[in-house]
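Residue numbers (my numbering): 8 to 74.
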């Protein structure tokens with residue numbers, strides 16, 4: 008569950024750092040077995056009625072691969 012906590016912590020920081028993001032949808036999030044990390048399978052960010060979709064991956068070895 009550390010990987011899920013990591014995603015939530017980093018996502019909260021992202022939202023705080025970019026107040027122009029009006030809302031977001033993380034659907035679905037996959038949490039792997041012990042020490043294998045987690046993966047956001049689909050992320051949609053909304054800004055002023057514009058939607059951007061990206062993949063975001065977190066693991067113990069590598070943080071935020073792309074956004």
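Ideal Cβ positions, reconstructed from N, Cα and C, are used throughout, including at glycine.
With DSSP as the reference, identify every bridge partner of residue i, one or two as the case may be.
i: residue 20; result: Partner(s): none; residue 20 has no beta bridge.
i: residue 1; result: Because the chain spans 8 through 74 in this model, residue 1 falls outside it and cannot be assessed.
State buried or exposed for residue i, treating a residue as buried only when at least 16 other CB atoms are found within 10 Å of its CB.
i: residue 52; result: buried
i: residue 25; result: exposed
i: residue 10; result: buried
i: residue 82; result: Lying outside 8 to 74, the shown extent of the chain, residue 82 is not represented and no answer is given.
Keeping to the same chain, check which residues put their C-beta closer than 8 Å to that of residue i; ignore five residues upstream and five downstream.
i: residue 48; result: 34, 35, 36, 37 and 62
i: residue 68; result: Residue confidence is low: residue 68 scores 43 on pLDDT, short of 50, so the model does not pin down where it sits. Its coordinate-derived value is still stated next. Excluding sequence neighbours, residue 68 sits near 44.
Excluding the 5 residues flanking residue i on each side, which residues of the same chain have their C-beta closer than 6 Å to its C-beta?
i: residue 20; result: none
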